[in-house]
Amino acid sequence: MIIKATQKNTRQTPLKVRLVANSVKKLSLVDAIKQLAAIERKSTLVILKVLRTAIANAIHNHGFAFEDLTIKSITVAPAPKLKRFRAVSRGRAHTIFKRTCHVTVELEAGEGKKPAVKPKKVVKPSTKAKAKVEKNKTVLPAGKVNRKVMATKKAVTKASNIQQKKGQAK
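Number 4 in my numbering belongs to position 2 of the sequence shown; there are no gaps in the numbering.
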């Protein structure tokens, strides 16, 4: 199974990011992380971040173990350029391209390895959510009580109490 993670519009030139990506492509995950920690370039942070995201996707979303994963590919594609101008002599302006790139890391699970199956959670029906009906009396679920309904219920109970007291007095 292939697990992907991408970072788009990274504000670094594709050429500089590709230099680091090519040095890490064929390594195992542990060796790749060690190699990225040793390289002193700004683009290592980008690739390391995307690599960690892909690992997290594989572990949390698909249930694979870290040991089963290998790097399938790291691609660095050019993204839209930001165009800026620099003033030069004689009132002219030269165009400056601030290049950006998309970084994609693809991880592959080992051959024949299946993701660990998580036990399904058993959902018990909540007793609070069900409305209980007893002898002309409705009990509303907790937390979902309407104020108007409660006010009318209080009025009805007060009226019935008053009638009972009048009946006992006679």
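Glycine included, C-beta positions come from ideal geometry on N, C-alpha and C.
These numbers come from a predicted model, not from an experiment.
Beta carbon of residue i, beta carbon of residue j: below 9 Å?
i: L31; j: F66; result: no
i: T72; j: L109; result: yes
i: V105; j: V26; result: no
i: A60; j: S45; result: no
i: Q14; j: R101; result: yes
i: H64; j: A111; result: yes
i: T55; j: V107; result: yes
i: T12; j: A95; result: no
i: R43; j: L21; result: yes
List the residues that DSSP assigns as beta-bridge partners of residue i.
i: K100; result: L84
i: E1; result: This structure gives no information on residue 1, because the portion of the chain shown stretches from 3 to 172.
i: A89; result: A95
What residue range does the beta strand (DSSP E) around residue i cover?
i: N11; result: I4 to T12
So what's residue i in DSSP terms, helix, strand or just coil?
i: S75; result: strand
i: L31; result: helix
i: A67; result: coil
i: Q165; result: helix
i: I61; result: helix
Under 8 Å: does the beta carbon of residue i sit that close to some heavy atom of the ligand GDP?
i: T55; result: Inclusion of the ligand GDP in the displayed structure is not the case, the ligand content being empty and no account of it being possible.
Specify, as a first and last residue, the run of the alpha helix (DSSP H) that residue i falls within.
i: T46; result: S45 to A58
i: A23; result: P16 to V26
ask   = With a cut-off of 8 Å, do at least 3 Cβ pairs link the region 41 to 55 to the region 81 to 99?
value = no
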